[in-house]
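One structure is given below, encoded as structure tokens.
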Amino acid sequence: MPQIGCLDHPDALASWYLERQGRGHCSGAIVDLHQNVVLFHNISCQPSGRSVRKVAIMKSITRRTFACGIALLPSFRSALARAQAAVSPTEARAIAKEAYVYGYPMVDSYRIQHAYFVDAKNPEYKAPWNELRNFSRVFTPEDKAVQTPNSDTPYSFLGMDLRAEPIVLTVPVIEEERYFSIQLIDAYTFNFDYIGSRSTGNNGGSFLIAGPNWQGSTPKGVTKVLRAETEFALAAYRTQLFNPGDIDNVKKVQAGYKVQTLSAFLGAPAPKAASASDFIKPLTSDTEKTSLEFFNIVNFLLQFCPTNPSEKELMARFAKIGVGAGKNFNASNLTPELKTAIEQGMADAWQALAQLQKRMDAGEVTSADTFGSRAYLKNNYLYRMAAAVVGIYGNSKQEAMYPLYLVDADGQKFDGANRYTVRFAPGQLPPVNAFWSLTMYELPSSLLSANPINRYLLNSPMLSQFKRDADGGITFYIQNEAPAADRQPNWLPAPKGGFFVVMRLYWPKAEALEGKWKQPPMQRAV
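Following the working numbering, the numbering of the sequence shown begins with 6 at its first residue and continues without gaps.
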């Protein structure tokens, strides 16, 4: 999109044009850019001396003419000022907060997926769109793209461009005792569906992933059709690794994962390819917090996200500050008052998240409440933002639960200068159908913590290695320095500074889902 101020204020531009033509005034204009011309359409006008009626006007102005002359005219500048005055700083601040909370998961996900599937020079690059990349290892502290990475299961990643046609994911038959899942995540970061041990079983099959514009019926040979509401989506494969010696078996399973376009799956001619996308440069995880360019990235992403009926009013509010599919958010054209108000709105979003974090620390809201489908979250955008900040791409609770250790039993933040313990009484280990783990993350990065023994987690496949208490329970030791030798099998190394611990319950049982089982507290050792 061009950096032309009036495109951010279509009402002003349309009003200016009609006034210059002696045709009255208007509001509610939509201005697009197409092949270097400015287009006006869907304008609701009050023609001079006539009753209100709907008209459709299309007037083309070359970018050169517009940029070099029209924008400088006093009458246009006056109309532009009127458009900005229509949104008060107070309203702009409130809308900016709402739009930031809404957009943060999308923008952060774009940062990650740009590194994974677009920027081939990025060290985190995986593969081009629609090509599967398997990793026959688990995450380590060297993996820095995703917050709170899972180090339990080797991953496979697939970025899906669904604009031209659906993608078919074929999975092999997998032994019953080996857990696997394929988490399907849309551009909003909703988990829109699953393939795997819990959801579809270990008997294999071919699963069609369709974008929002595909209207076909289930093709022959397809086990199930799963629909995304955005044109780009992510498939995150997890394949259980029982122990280091099991890695060759994981490789065999991964080799059986297959990805094809629908036309290739059917042996039919391919449809016309989607137009090449000019992917804009993402922000860094730090600049996402304060840069007004954030809203331009939201606008870019919304082009691939047809408006959900439940969000039409929301999008109308966002449009008041220039946020919407394909719009150009040009901060340089904002008045100083509006610019400050929008920046304050962004800060307000983080304050709202901090208040939610207090509720999470108190156990009033759990991480399981923040991950899921659109239907599950019921458009709770603050929960969705919290999920992205705490651990983007987390599973829905039916697939995995993530009890967090953010503070100790006394409500104090964890510090590597102290020593901590967590004890599971006999019969009180996490109730799961698959497996569980405890993983250490250092702050403020929320990444795995490097340590001398390269141990980033404790999990149920390691049960035979743990030393039991006298009554049959298990006590884990969480600290920076190594404990006594007899406790080292149960040691989870901590960094020297701040940290938190994530428990993962894969395919949790009913007692966990229903809240009958509670995680034990983590106590500071005296």
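Beta carbons are placed, not taken as given, at the ideal position from N, Cα and C, and that holds for glycine.
Could you tell me the boundaries of the alpha helix (DSSP H) in which residue i lies?
i, result
"Tyr-388", "386-396"
"Ala-233", "Premise fails: Ala-233 is in no alpha helix (DSSP H) and is neither H nor E."
"Tyr-381", "379-382"
"Leu-189", "It is not in any alpha helix (DSSP H) - Leu-189 instead sits in the beta strand (DSSP E) that spans 185-191."
"Leu-319", "317-324"
From what residue to what residue does the beta strand (DSSP E) around residue i run?
i, result
"Asn-196", "196-201"
"Phe-212", "210-215"
"Gln-528", "527-529"
From the beta carbon of residue i, is the nearest beta carbon of chain B less than 8 angstroms away?
i, result
"Glu-236", "Absent here is chain B; the protein component of the structure consists of one chain."
With a Cβ-Cβ cutoff of 8 angstroms, do residue i and residue j count as a contact?
i, j, result
"Ile-187", "Phe-323", "no"
"Lys-131", "Phe-122", "yes"
"Ser-429", "Gly-399", "A quick correction: the sequence has Phe, not Ser, at residue 429. Contact flag unset, no."
"Ala-365", "Val-106", "Rather than Ala, the amino acid found at residue 365 in this sequence is Met. For Met-365 and Val-106, no; Cβs fall outside 8 angstroms."
"Leu-306", "Tyr-115", "yes"
"Thr-266", "Ile-190", "no"
"Gln-259", "Arg-183", "no"
"Lys-325", "Val-92", "yes"
"Gly-164", "Leu-239", "yes"
"Asp-413", "Arg-529", "yes"
"Met-527", "Ile-483", "yes"
"Glu-236", "Leu-167", "yes"
"Met-320", "Thr-194", "no"
"Leu-497", "Arg-473", "no"
"Ser-469", "Phe-197", "no"
"Pro-159", "Gly-261", "no"
"Leu-443", "Met-508", "yes"
"Pro-500", "Gly-396", "no"
"Ser-372", "Leu-409", "yes"
"Pro-431", "Asp-491", "no"
"Pro-4", "Lys-344", "As displayed, the chain neither begins before 6 nor continues past 531, which places residue 4 out of reach and without an answer."
"Phe-300", "Ala-104", "yes"
"Val-227", "Ser-211", "yes"
"Val-255", "Leu-174", "no"
"Ala-215", "Phe-162", "no"
"Ala-150", "Ala-120", "yes"
"Ala-405", "Leu-288", "no"
"Phe-387", "Leu-358", "The question names Phe, but residue 387 in the sequence shown is Leu. Taking 8 angstroms as the Cβ cut-off, Leu-387 and Leu-358 qualify as a contacting pair."
"Ala-487", "Phe-309", "no"
"Asp-157", "Leu-462", "yes"
"Asn-139", "Glu-180", "no"
"Phe-471", "Pro-457", "no"
Based on the DSSP secondary-structure assignment, which residues constitute the bridge partners of residue i?
i, result
"Leu-409", "Val-507"
"Asp-353", "According to DSSP, which records beta bridges pairwise, Asp-353 is partnered with nothing at all."
"Pro-513", "Val-437"
"Asp-420", "Gly-503"
Would you please state the rounded distance, in angstroms, between the beta carbons of residue i and residue j? I believe it to be under 8 angstroms.
i, j, result
"Gly-350", "Lys-102", "4 angstroms"
"Asn-304", "Phe-334", "6 angstroms"
"Ser-454", "Met-445", "5 angstroms"
"Ala-392", "Trp-512", "Between Trp-512 and Ala-392 the Cβ distance is about 19 angstroms, and since that is not below 8 angstroms, they are no contact."
"Val-427", "Pro-311", "Not really, about 46 angstroms apart at Cβ, beyond 8 angstroms."
"Glu-3", "Ser-268", "The first residue shown for the chain is 6 and the last is 531, placing residue 3 beyond what the model contains."
"Glu-518", "Lys-402", "First, the amino acid is wrong: residue 518 is Leu here, not Glu. The pair is a contact, with the Cβ atoms about 7 angstroms apart (cut-off 8 angstroms)."
"Phe-185", "Arg-243", "6 angstroms"
"Ala-346", "Pro-94", "4 angstroms"
"Phe-419", "Gly-503", "6 angstroms"
"Leu-297", "Pro-224", "The Cβ separation is near 45 angstroms, so there is no contact."
"Gln-118", "Ser-451", "Contact doesn't hold; Cβ gap of about 18 angstroms is too wide."
"Asp-113", "Glu-293", "6 angstroms"
*asked:* Please give the ranges of any alpha helix (DSSP H) in the region 423-509, keeping only runs that are unbroken, at least 4 residues long and fully inside the region.
replied: none
_Those runs of the alpha helix (DSSP H) which lie wholly inside the region 221-301 and span at least 4 residues_ = 252-260, 267-271
*Of all the beta strand (DSSP E) runs that stay within the bounds of the region 105-182, which reach a length of 3 or more residues?*
160-166, 172-176
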